[in-house]
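Heads up, the sequence shown is in our numbering, so the first residue is 21 and it goes up one at a time.
Even glycine gets a Cβ: it sits at the ideal position worked out from N, Cα and C.
Note that the coordinates shown come from a computational prediction; the quantities given were computed from them, not determined experimentally.
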Amino acid sequence: MPWLDQQVALVHPDLKIGYVGAGSYLPAKVLTNDDLAEIVDTDNEWIVRRTGIRERRILAEDESILDMAVGAALAALEDANVDPSEITDIRVGVNTWARFPSLATQLQARIGAEHASAADVSAGCAGFVYAVEEAYNKLYVERVRDERRGTALVVGVDGLSHITNWRDRSTCVLLGDGAGAVVMREVDSGGIMSISTCADGQHGDLLYSDSVLEAQWDPGGPAPFSHVTEGVRPYLHMDGRRVYGVAVKTMVEEARKVIEMFNRENPTPIGVDDVAFVYPHQANLRIIEKVASKLDIPLDRVYTTGIERFGNTSTASIPIGYVDPEARAEPSRPGDYEIDVAFGSGFAAGAILRQVGEPS
Ligand code: UT7
Numbered sequence: 021m022p023w024l025d026q027q028v029a030l031v032h033p034d035l036k037i038g039y040v041g042a043g044s045y046l047p048a049k050v051l052t053n054d055d056l057a058e059i060v061d062t063d064n065e066w067i068v069r070r071t072g073i074r075e076r077r078i079l080a081e082d083e084s085i086l087d088m089a090v091g092a093a094l095a096a097l098e099d100a101n102v103d104p105s106e107i108t109d110i111r112v113g114v115n116t117w118a119r120f121p122s123l124a125t126q127l128q129a130r131i132g133a134e135h136a137s138a139a140d141v142s143a144g145c146a147g148f149v150y151a152v153e154e155a156y157n158k159l160y161v162e163r164v165r166d167e168r169r170g171t172a173l174v175v176g177v178d179g180l181s182h183i184t185n186w187r188d189r190s191t192c193v194l195l196g197d198g199a200g201a202v203v204m205r206e207v208d209s210g211g212i213m214s215i216s217t218c219a220d221g222q223h224g225d226l227l228y229s230d231s232v233l234e235a236q237w238d239p240g241g242p243a244p245f246s247h248v249t250e251g252v253r254p255y256l257h258m259d260g261r262r263v264y265g266v267a268v269k270t271m272v273e274e275a276r277k278v279i280e281m282f283n284r285e286n287p288t289p290i291g292v293d294d295v296a297f298v299y300p301h302q303a304n305l306r307i308i309e310k311v312a313s314k315l316d317i318p319l320d321r322v323y324t325t326g327i328e329r330f331g332n333t334s335t336a337s338i339p340i341g342y343v344d345p346e347a348r349a350e351p352s353r354p355g356d357y358e359i360d361v362a363f364g365s366g367f368a369a370g371a372i373l374r375q376v377g378e379p380s
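This is the structure:
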């Protein structure tokens with residue numbers, strides 16, 4: 021099935037907007053594969069062989085999705101040496117905040133970012149890429165139209181444990197909780213070079229949850245979605261095999277697309293060999309390895325260690341990788357190119373090509 025309503029954002033070649041800080045928050049509570057084997061019929065060997073996951077972090081009872089977003093945001097602001105009062109826009113990629121007002125507005129209040137606009141972005145595990153794109157576009161328009169130099173805070177956060185069916189061994193072993201954040205503003209060198217996002221909602225029933233409808237659903241009345249039936253809780257459901265195939269194909273296409281978009285504008289074209297490091301969404305080690313092999317990028321230039329220790333943290337996995345000390349042996353150098361690429365429920369997917377700037 022072809023991607024529908026494909027959207028491509030080609031960024032401005034002269035105006036440079038990039039990350040100036042990053043941070044993450046991971047709950048302290050660790051759930052190992054052996055812990056899971058006490059709950060469902062599984063074992064460490066199966067989980068490691070099929071997914072690469074050894075353990076994941078899980079929210080404590082008195083810890084919320086908002087707490088994770090606040091933790092990651094404050095860490096990113098500290099890294100960027102930016103005061104919350106300087107933030108002009110907050111975008112939060114999140115799928116598990118099953119209420120309103122938005123998580124972004126509650127984050128704004130908690131960190132004291134009183135000058136910021138704030139909104140959530142729902143795009144499955146690609147939520148962080150979509151949120152970066154929205155933040156970029158707002159910073160860009162304000163700069164070009166009003167000569168205003170804004171500062172955006174972009175967060176990817178999810179508490180998948182809240183919608184996990186702990187009796188379903190095919191999904192509960194995959195998921196974890198966490199948050200990651202970046203601060204974005206105009207930079208002197210490097211920055212975001214191109215962004216691509218796309219979606220195909222025809223695959224919505226391969227990976228879904230009805231949790232946000234739970235409070236509104238009257239079990240005596242008609243179910244809003246046909247697969248919501250009495251006695252079935254609105255947990256996350258997934259057809260893993262079919263998701264796997266589309267995920268690999270799409271992530272490869274999106275990574276290639278951001279390079280092609282950049283090359284259309286750039287007098288010195290680059291290829292995959294020029295990409296120093298790739299941060300793929302951490303869904304499953306087998307997906308990551310397959311994507312790397314199809315792109316012909318060696319695994320030592322790909323973020324793989326997040327999946328092992330944190331599982332699939334959805335929108336959070338890419339920004340968690342930026343500050344994961346175990347992500348890579350050597351940090352990128354100024355001038356190096358990096359790619360972020362994500363795929364998730366919807367399906368929605370996207371990628372970002374960035375160049376590392378000179379330290380300011
Ligand atoms: O952001 C995107 C997120 N999506 C994903 O990451 C999903 C991508 N899909 C996958 O990574 C894989 O499809 C899974 C890891 C989810 C599953 O691996 P698989 O090789 O596709 O296994 P399967 O679902 O075909 O199941 C094979 C067998 C089945 O047993 P039978 O029917 O062959 O007897 C399952 O019941 O493995 C069984 N099984 C398990 N056994 C032990 C399923 N889950 C488990 C488990 N422990 N946790």
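{"Item": "Assigned exposure category for Ser105 - 16 Cβ within 10 Å defines buried", "Value": "exposed"}
{"Item": "Candidates Arg329, Glu378, Gln126, Leu194, of which the one nearest Arg353 by Cα", "Value": "Glu378"}
{"Item": "Beta carbon of Ile372 nearer than 8 angstroms to that of Ile212", "Value": "yes"}
{"Item": "Beta carbon of Gly144 nearer than 8 angstroms to that of Gly355", "Value": "no"}
{"Item": "Test item: CB-CB of Met204 and Tyr160 under 8 angstroms", "Value": "no"}
{"Item": "Gly113 versus Leu305 - alpha carbon distance", "Value": "22 angstroms"}
{"Item": "Simplified DSSP state of His301, which is helix, strand or coil", "Value": "coil"}
{"Item": "Per-residue burial, Leu127 [other beta carbons within 10 Å of its own, 16 or more giving buried]", "Value": "buried"}
{"Item": "Any C-beta of chain D under 8 angstroms from that of Ala371", "Value": "Of the protein chains in this structure there is only one, and it is not chain D."}
{"Item": "Three CB pairs or more closer than 8 angstroms across the stretch 260-271 and the stretch 220-228", "Value": "yes"}
{"Item": "Residues of its chain near Gly291, where Cβ-Cβ distance is below 8 angstroms and the 5 sequence neighbours each way are ignored", "Value": "Ile279"}
{"Item": "Where Val272 falls, given that 16 or more other Cβ within 10 Å makes a residue buried", "Value": "buried"}
{"Item": "Segment limits, beta strand (DSSP E) that includes Cys145", "Value": "Unbroken run through Cys145: none, as it is neither H nor E."}
{"Item": "Cβ shell of Lys36 (< 6 angstroms), same chain only, five flanking positions each side left out", "Value": "Val207, Gly211"}
{"Item": "Buried versus exposed, by CB contacts within 10 Å (16 or more), Ser229", "Value": "buried"}
{"Item": "Option in Ala92, Asp109, Tyr150, Glu98 with minimal Cα separation from Asn11", "Value": "The structure shown does not extend to residue 11, since the chain is modelled only from 21 through 380, so no value can be given for it."}
{"Item": "Residue closest to Phe330, alpha-carbon to alpha-carbon, out of Gly196, Val174, Val311", "Value": "Gly196"}
{"Item": "Beta-carbon proximity of Val102 to Arg130, cut-off 8 angstroms", "Value": "no"}
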